[in-house]
Amino acid sequence: MLEDLIKLKQQLESNHKYIAISDLSEGSIMSASESKSLSEFKALENTDDFIVQCEKLMEKAIRIFSANNIPYDTIQISSLQGFLCKPGFVDFLKSEYQKHKGTNERWKLNLENLGSNVSLKYVPMSFSINMAGSGLSGVYYVDDYLLENEKDISQINDLSRESVSGIIDFEKFIKRMKELGYSFDLLNYGECSDIYDYISAAKDHVWDTHISINADLRLEKSNKTSYGSR
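The numbers in our numbering rise by one with no breaks, and the one at position 200 of the sequence shown is 200.
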């Protein structure tokens with residue numbers, strides 16, 4: 001039966017080894033070493049709690065912005081693009097960085113085979129408040145306000161250092177957050193609908209992108225638009 005074949009595929013793939021990287025930058029790739037089986041990463045998956053923690057972080061931002069009279073109608077949290085990569089692909093990326101070290105070609109990372117060398121299910125992520133995407137959407141952001149008013153607010157400084165990290169089931173995460181009313185964007189790419197958008201953005205822009213979750217807090221929304229970072 002087809003169901004048995006699917007289970008066999010999943011069982012065999014659960015033994016495959018992967019290395020978690022926080023992004024595709026040279027520092028992250030060159031320091032990557034520890035590999036785990038996909039089943040071990042599955043045991044670490046915490047999507048449901050991760051969603052709760054993301055919402056708590058946004059709630060904290062709302063309280064702090066309101067307490068300090070910072071104008072806002074959008075809260076945005078952002079994460080670099082993490083992946084679970086096959087060890088052989090990590091070795092390939094290390095050789096790519098070493099090959100172009102000290103040249104003008106360092107930014108040209110060959111990611112043509114990225115999609116076939118990463119987990120399409122589990123992704124490591126670490127979200128924090130994006131001060132350049134939170135504020136009055138499309139008009140005036142929190143970092144604009146702080147700069148214009150020459151403010152140094154300790155609560156904001158502390159908030160900017162907070163993050164929510166974990167191993168998530170990517171499709172489950174996207175689906176559930178959208179059901180809760182949030183939208184997703186990839187910087188320099190556009191809307192993120194699935195893992196394939198996530199991978200395509202990385203291939204097109206390497207480390208010059210990140211994924212953002214947007215909370216539109218306006219009572220009346222004239223347009224169903226997603227609001228990415230500048």
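Just so you know, even glycine gets a beta-carbon here, dropped at the ideal spot from N, CA and C.
Under a 10 Å Cβ-count criterion, Lys86 is classified as buried, with 16 or more other Cβ atoms of the shown protein chains found around its own Cβ. For Met177, the enclosing alpha helix (DSSP H) begins and ends at 170-179. Taking C-beta separations shorter than 8 Å and ignoring five residues to either side along the sequence, the partners of Asp204 in its chain run Asn188, Tyr189, following chain order. Beta-bridge pairing by DSSP links Pro124 to Ile167. Ser134 sits close to Val142, with the two beta carbons spaced by under 9 Å. Beyond the five residues adjoining it in sequence on each side, Ile19 comes within less than 6 Å, by CB distance, of Ala32, Ser35, Cys85, Pro87, Val90 in the same chain, given in chain order. Per the DSSP secondary-structure output, Lys36 pairs in a beta bridge with Tyr18. For Ala201, the enclosing alpha helix (DSSP H) begins and ends at 195-205.
Tyr145 counts as buried, since no fewer than 16 other beta carbons sit within 10 angstroms of its beta carbon.
When C-beta atoms of the region 42-55 are compared with those of the region 164-174, three or more pairs fall below 8 Å, so the two segments count as touching. Exclusion of the five residues before and after Ile64 leaves Gln155, Ile156, Leu159 as the residues of its chain whose Cβ lies within less than 7 Å of its Cβ. Secondary structure note for Ser78: it is in no alpha helix (DSSP H), and the uninterrupted beta strand (DSSP E) holding it is 74-79. Counted as a single uninterrupted DSSP element, the stretch harbouring Ala215 is not any alpha helix (DSSP H) but the beta strand (DSSP E) occupying residues 211-216. Val123 counts as buried, since no fewer than 16 other beta carbons sit within 10 angstroms of its beta carbon. Cα atoms of Ala215 and Ala132: separation of roughly 14 Å, rounded to the nearest angstrom. The shortest C-alpha to C-alpha distance from Ile211 to any of Lys172, Ser28, Met125 is the one to Met125.
Secondary structure at Gly82: coil, using DSSP grouped into helix, strand and coil. By the beta-carbon neighbour count (other beta carbons within 10 angstroms, threshold 16), Met30 is exposed. A distance below 9 Å separates the beta carbons of Thr74 and Ser137.
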